[in-house]
Amino acid sequence: MTYIRLPATLPARLREAGLHVVVVGDWLATGRPASKGDFDPVGVLNHHTGSFDRSGDLADDLSYAKHLFHEGRPDLPAPNCHASLSVEATVYLGAGGRANHAGTAKSVGSVAAGDGNELYVGIEWMLSGTQKIPADMYHAGAVFNAVVLDLLGSSPQAAACHYQTSVTGKWDIGDPDGIPFHGQKVMDVDKFRRAVASVSAKPKATRLSNFWDGGPQWDVRILDRAAEQRDDVRAVVKRIDVAVNKLPKNEGNTLVGQFVAGYKKDRHLRMGLLNTAVKNGRHGTVEHVRDEIRHQLFDALPKR
Ligand SMILES: [Zn+2]
20 MTYIRLPATL
30 PARLREAGLH
40 VVVVGDWLAT
50 GRPASKGDFD
60 PVGVLNHHTG
70 SFDRSGDLAD
80 DLSYAKHLFH
90 EGRPDLPAPN
100 CHASLSVEAT
110 VYLGAGGRAN
120 HAGTAKSVGS
130 VAAGDGNELY
140 VGIEWMLSGT
150 QKIPADMYHA
160 GAVFNAVVLD
170 LLGSSPQAAA
180 CHYQTSVTGK
190 WDIGDPDGIP
200 FHGQKVMDVD
210 KFRRAVASVS
220 AKPKATRLSN
230 FWDGGPQWDV
240 RILDRAAEQR
250 DDVRAVVKRI
260 DVAVNKLPKN
270 EGNTLVGQFV
280 AGYKKDRHLR
290 MGLLNTAVKN
300 GRHGTVEHVR
310 DEIRHQLFDA
320 LPKR
């Protein structure tokens, strides 16, 4: 028996990845009871709702999402998924426990056959099955899959569509630009996994310049985390740590003392230096950023 809850950090992680997230109700506590089965997900299963979603109908989308999370169908108790994605590329998040979305699942990608509601996080794309998937929505779906798979410790090979796992002939996600499947056109999952893999890649140097030019979704802590994930930046930070620890612990030298105390007190200071480096336009290469940090470190030290 294993029944987990999705990480409470999921909404924050999705937002940090640039998604617009609407949390519906007490999402974490929402789920099928453990008496109905386990929940130990290793993959993400993508579905379509089967209803045409018009762009700009935000109130309709929210009420539809609530229906999926809280009402369900007479033959299929809610929640019917963990998340739902509208054509406006908004993610509605409404369940953190087991959901009724997958039924019995065939093996696909890196995920074994079994109880699909145990094995998968389910996301319902608000699509009729024959309507064109907007590029923004497709991208948001790839980001959602990437963030959840990362949290689950799985690779993009654990992203799948319901048509691949269904034992009852489901054909979602339908995609007019997709590949043939039993007389329908469905999403090309190989292509989708490549999109998931490309958004899962570690933040690149360009991400730092994006911060400076970027929109309101970026804040300092997001940059900190992105920077910390970069091996090269982490190496610089480590070297600064070593340098700081070597500084003389001379109480009489107040400037050094203040610098070391401030540095150790504020765990964001190191990245703060990096932020300043970025702010100063030093985002061309890692070397530029490294030089900027070094200069600032030296500027903070007393002149002999
Ligand atoms: Zn489905």
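Its first residue numbered 20, the sequence shown is counted upward by one per residue in the working numbering. Even glycine gets a Cβ: it sits at the ideal position worked out from N, Cα and C.
Check	Outcome
CB Ser163 to CB Leu38, shorter than 8 angstroms?	The question names Ser, yet the displayed sequence has Phe at residue 163. Yes, the pair counts as a contact, with Cβ atoms nearer than the cut-off.
Going by C-alpha distance, which of Asp134, Ser129, His201 and Leu47 is nearest Leu29?	Leu47
Taking DSSP as the reference, what is the three-state secondary structure of His201?	coil
For the beta strand (DSSP E) that contains Leu64, what are its first and last residues?	Gly62 to His67
Three-state secondary structure (DSSP) at Ser105?	coil
Pull the bridge partners of Gly193 from the DSSP assignment, please.	Val205
Could you spell out the range, first to last residue, of the beta strand (DSSP E) harbouring His39?	His39 to Val42
My assumption, with CB atoms under 8 angstroms, is that Asp209 sits in contact with Ile152. Please give the rounded CB distance.	Not really, about 16 angstroms apart at Cβ, beyond 8 angstroms.
So which residues touch the region around ligand 1, with touch meaning a C-beta under 6 angstroms from any heavy atom?	His66, His181, Lys189 and Asp191
Closer than 8 angstroms by C-beta to Leu112: which residues in its own chain qualify, once you throw out the five before and the five after it? Chain order, please.	Leu29, Pro30, Leu33, Val40, Val41, Val42, Val43, Trp46, His101 and Ala102
Leaving out the 5 sequence neighbours to the left and right, which residues in its chain are closer than 6 angstroms to Cys180 when beta-carbon positions are compared?	Asn65, Ile192, Met206 and Val208
Note down the Cα distance separating Pro175 from Met20, rounded to an integer number of angstroms.	26 angstroms
Taking the alpha-carbon positions, what's the Gly233 to Pro93 distance?	Confidence is the limiting factor: at Gly233 the pLDDT is only 36, short of 50, which leaves the residue's position unreliable, though a coordinate-based value still follows. When rounded, the distance between both Cα atoms is 46 angstroms.
Who pairs with Gly133 in a beta bridge, going by DSSP?	Ala124
Would you mind giving the Cβ-Cβ distance between Val186 and Thr109, rounded to the nearest angstrom? I have them listed as a contact below 8 angstroms.	Contact flag wrong, Cβ pair sits at about 31 angstroms.
For Ser126, count neighbouring C-beta atoms within 10 Å of its own C-beta (all shown protein chains included) and say buried if the count is 16 or more, exposed if not.	exposed
Do you know whose CA, among Pro52, Asp59 and Ala53, lies nearest Leu170's CA?	Asp59
By the 10 Å Cβ neighbour count, where 16 or more other Cβ atoms means buried, how is Val167 classified, buried or exposed?	buried
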